[in-house]
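Every number in this note's numbering is 1450 more than the matching position in the sequence shown, counting from 1. Just so it is clear, CB atoms sit at the ideal spot from N, CA and C, and this is done for glycine as well. One structure is given below, encoded as C-alpha cells.
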Amino acid sequence: MQNQHQRSVALIGLGSKLAPAYLAAISQSDDIALSGIAVAGTLAEALGVPLRQATDVHEIRLAHDCGQVAHCSDPALLAQTIAADLLIETTDTPFEAALSAAAALERGISVLVVQPDTLTLYGQWLAQLAAQSGARLTCPGVDEAPEAALARACLPSGPSDLALAQTGPQTAYAADDLPAGTALTPAMMKAHHEAPEANRPYDFHEGLPIPLHPGLYLKRPVPQGRRIRLSDCTYSEHDPRFALWRQAQSLSGAHRQLAAE
C-alpha cells in the first residue's frame, strides 16, 4: 500500500540513455512510488521488464496496470495516460520530449525534463504552459545526480526552475569547409556556448542551435570556423519542429524575421 506521503511519478524515455539512472533513483527512494513507465523496447529488454505494444490510451493503461512497459511511438499520447504527481521526461528527441511534457503540463502534472536540448529549444513554451496550469517545470542542474534532481522535483510545492540548465545555448560553427548541399551531421559542427547577456534572451537566428540539425542541408558553402546560421540552411517553415521552436523563441522576446539573403 502506498504511503500517503509518497509522490507518484511516471517515466517516459523513448530512445533514452538516462532512463535507467532515473528508474534506479526512484527505486532507492521510500518517498516515491512509480506509477507507470513508457520506454523504447531495447530499454525494456535491458531492464527485464515485459513490453506491451500500445496504440491507444486503453492499451497503455492496461500495460501499466499489468506491471508492463508500454511501447508507443507517440509521446504525447503516452503523457495523456499519466496519473501521477510528476512526469520524468527523458526522451532523447527534443521535439517528442516537448510534446510529451506539454501534454502532462496541460493536465496539471509537474514535469522534470532531463534532456537539456529539449529546454534549449522549447523551454520558454513549456514554461508558459506550466505557468498557465499551475504545474511545476524543473530540470536537473549541471552535473546534478538523478537522485538529487528527482528529490527536488518531487517537492510538493515550489516555483518552476529552469535556471539550473542555463549554461548558454550551443550554436554551430563549421568544423571544416562545408560545400552547398551538405547534409549536416554533428561531426561537421563545433559547438560554441554563447554566454547569455543580462536581460536579453539569446536570439537563435544569429546561429543554428545544434539540436535542430537533423534533416538540414546547406544551401550555400560555409567556410571552416564560420558560424552556421539557420539562413544558411534549407528547411521547411511547416516542419513542426521549427514551428514550435519559433513559437518558443517569440515567447522569450528573441524572435525576429530572418534577414533576406
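Put simply, the backbone Cα of Arg-1691 is about 14 Å away from that of Asp-1542. Cβ-Cβ separation between Cys-1589 and Leu-1571: approximately 13 Å, too far for a contact (criterion under 8 Å). Where Arg-1670 is concerned, there is no enclosing alpha helix (DSSP H), because DSSP gives it neither an H nor an E. Collapsing the DSSP output to three states places Ser-1479 in coil. From the listed residues Leu-1464, Ser-1610, Arg-1457, Gln-1697, the smallest Cα separation to Ala-1580 is found for Ser-1610. Distance from the CA of Ala-1547 to the CA of Pro-1673, rounded to the nearest whole angstrom, comes to 33 Å. Straight-line measurement puts the Cα of Ala-1585 at about 5 Å from the Cα of Gly-1558. Residue pairing by DSSP puts Ser-1560 in a beta bridge opposite Leu-1536. Taking the Cα of Ala-1599 as reference, the smallest distance to any Cα among Leu-1473, Gly-1465, Leu-1464 is reached at Leu-1473.
Going by C-alpha positions, Arg-1696 is about 20 Å away from Gln-1582.
Within the same chain, and ignoring the five residues on either side of Pro-1596 in sequence, the residues whose Cβ sits closer than 6 Å to its Cβ are Ala-1471, Tyr-1472, Ala-1475.
Here Tyr-1685 has Leu-1666, Phe-1692 as same chain residues with Cβ atoms under 7 Å from its own Cβ, once five neighbours each way along the sequence are excluded.
For the pair of segments examined, the stretch 1626-1639 was found not to touch the stretch 1500-1514: the number of CB pairs separated by less than 8 Å stays below three. With distances taken between CA atoms, Ser-1485 lies nearest to Gln-1518 out of Cys-1683, Asp-1626, Gln-1518. From the listed residues Ala-1460, Leu-1605, Tyr-1623, Ala-1630, the smallest Cα separation to Leu-1528 is found for Ala-1460.
For His-1514, the enclosing alpha helix (DSSP H) covers residues 1507-1515. The beta carbons of Ser-1523 and Ile-1462 sit about 12 Å from each other, so the pair does not count as a contact at 8 Å. Taking a C-beta distance under 8 Å as the contact criterion, Arg-1457 and Ile-1482 qualify as a contact pair.
In the three-state scheme derived from DSSP, where H, G and I count as helix and E and B as strand, Ile-1487 is classed as strand. The beta carbon of Leu-1555 sits closer than 7 Å to those of Val-1561, Leu-1576, Leu-1579, Ala-1580, Ser-1583, Ala-1585, Leu-1587, all from its chain and outside the five residues before and after it, given in chain order. Of the residues Cys-1604, Ala-1603, Leu-1662, Val-1592, the one whose Cα lies closest to the Cα of Ala-1622 is Leu-1662.
Counting the other Cβ atoms within 10 Å of the Cβ of Gly-1675 gives fewer than 16, which makes it exposed.
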